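Just so we're aligned: the sequence shown equals residues 1 to 386 in UniProt numbering. Ideal Cβ placement from N, Cα and C applies to all residues, glycine included. Values in this document were obtained by computation on a predicted structure and should not be read as measured data. Here's the structure we're looking at; comments come further down.
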Amino acid sequence: MLFPRLPRAFTRKFHKIENKRERTIQGNFLIPVPPGSEIPNVFPKRVELGEVLVETGSLRILAPVNGVASLTESRSHFQIKQDGGWRTQSPYSSKSYTYEELLNTFQKGALASLDFPSVSLQTYFSYFSSQKEFNIILSPYSRYNHLDFKEMIESEMADAFSQFGALLQSVFPKAVLQNYFLAEKLEYKHPDGIPEYLIHTKMGLGIEEANHSLRHCELLYLGAETIFHILRMLYYGEPFTRRHLSVCLVDKKGRLDTEPRQFLLTNGQALDFIPQNIDQRYKVASFQGMFEPIQSVEIHSLGNFNIYEHYNLTLYERLPVIRNEFACIDCYECNTYCPTKANPLALVKTREDEFLKSSCIECGICTLYCPSGIDIRARILEAKES
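Following this line, the structure appears as structure tokens:
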């Protein structure tokens with residue numbers, strides 16, 4: 001498995017060790033400490049790639065590189081100065097696992113579900129017994145399908161993916177494996193990547209029933225990006241220290257450039273190489289996509305990459321327009337485009353009791369298409385909290 005070239009933001013140095021010319025790449029990495037974590041008084045110390053920096057109740061944070069790790073003065077971030085070599089490829093290795101070995105490998109690799117926030121795969125899989133009957137869903141999409149992980153898996157990891165399917169069937173012999181990678185005529189439309197919606201469309205369950213099945217572990221759901229990182233760990237020995245960042249460009253007229261751009265970045269890596277390598281007319285950035293509430297930042301203030309939060313970066317020629325809310329014009333666009341017929345118009349008309357909140361999947365479509373600029377998303381969240 002080959003990895004993309006490193007950005008030029010890293011300093012490349014050559015030095016001699018035992019009369020051999022060896023490349024060393026040096027860089028600084030900044031990783032936030034999870035709130036409430038207890039940090040042992042062992043820093044600064046030397047760490048190796050994959051070594052545990054801190055472990056919380058749900059996730060563990062690994063050292064992304066070889067180097068010296070220390071805490072910032074506020075103890076809010078780990079700062080790692082890399083001074084070791086950088087591995088540029090990882091060979092495929094066919095392996096088999098028992099249920100216990102699978103959980104231990106997930107823990108060692110700090111694998112997290114990228115379909116459900118703040119859930120480790122070790123914890124998630126431990127809810128499912130090898131003697132229990134349930135469904136396993138392999139989805140060809142990630143939540144917003146920001147990149148085509150299905151194509152990546154099939155072109156780069158076909159053998160590993162085939163072996164993983166067989167592994168699931170051997171570890172969970174009573175489970176029914178539903179592999180939607182094999183479905184014909186796949187054509188992604190948002191919100192196909194949202195777990196409960198895919199279950200609704202493919203299995204015929206209602207949204208409320210799909211949510212119930214997910215909450216009560218009657219379905220084991222794995223999206224394409226989660227599967228990608230599972231394969232990297234199980235068959236390539238790569239822990240979860242890198243993640244793809246998709247980059248989208250929006251011009252001053254609001255038109256989206258659909259040409260795919262992506263980086264496979266390391267946790268904590270500085271993102272200052274991005275403005276150095278794109279057209280200077282892009283001034284503003286956001287880590288949110290079009291179906292999410294946008295929080296814009298200046299392009300030279302992107303900070304550091306966080307594998308648990310960052311998967312998409314949208315660059316704008318100018319600050320996204322914040323539309324004023326106008327009165328509803330009764331166009332019914334929100335209800336027309338709502339994929340689950342949850343009746344979001346009822347919230348606009350202050351008839352909250354008519355809104356089917358158990359059917360709403362918070363996909364953001366109603367807010368995006370509202371011509372009056374009404375933030376229906378905020379009203380949905382308020383209705384669900386109440």
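- Contact between I376 and T367 holds, since their C-beta atoms are separated by about 5 Å, short of 8 Å.
- P117 is positioned such that its CB atom lies no closer than 8 Å to that of A224.
- CA-to-CA, the gap between I61 and S113 works out to about 14 Å.
- The alpha-carbon of F228 is positioned some 43 Å away from that of C328.
- Following the DSSP letters along the chain, one finds H190 in no alpha helix (DSSP H), marked with neither H nor E.
- Residue environment for L256: exposed (fewer than 16 other C-beta atoms within 10 angstroms of its C-beta).
- The beta carbon of V119 sits closer than 8 Å to the beta carbons of S58, A112, S113 from its chain, once the five residues preceding and following it are set aside; these are given in chain order.
- In summary, A158 is exposed, with fewer than 16 beta-carbon neighbours lying within 10 Å of its beta-carbon over all protein chains present.
- Closest in C-alpha terms to S286, from the list T258, H200, V250, comes V250.
- Judged by their CB atoms, I136 and Q178 are nearer to each other than the 8 Å cut-off.
- Pairing I307 with V284 gives a Cβ-Cβ distance that is not under 8 Å.
- Judged by DSSP in its simplified three-state form, L315 adopts strand.
- H212: member of the alpha helix (DSSP H) spanning 207 to 215, first to last residue.
- CA-to-CA, the gap between T123 and R215 works out to about 13 Å.
- By the criterion of a C-beta distance shorter than 7 Å, F128 is surrounded in its chain by F134, F172, C217, L220, once the five residues flanking it on both sides are discounted.
- By the C-beta density criterion, S142 is buried, having at least 16 other C-beta atoms within 10 angstroms.
- The alpha helix (DSSP H) runs lying completely inside the stretch 302 to 371 and spanning 4 residues or more are 333 to 337, 345 to 348, 365 to 369, given in chain order.
- Counting along the chain, L182 sits inside no beta strand (DSSP E), nor does DSSP assign it H or E at all.
- For secondary structure counted as the alpha helix (DSSP H) over 4 or more consecutive residues, the stretch 194 to 282 holds these complete runs in sequence order: 195 to 203, 207 to 215, 224 to 236, 273 to 276.
- In the structure shown, G67 falls within a strand segment according to DSSP collapsed to helix, strand and coil.
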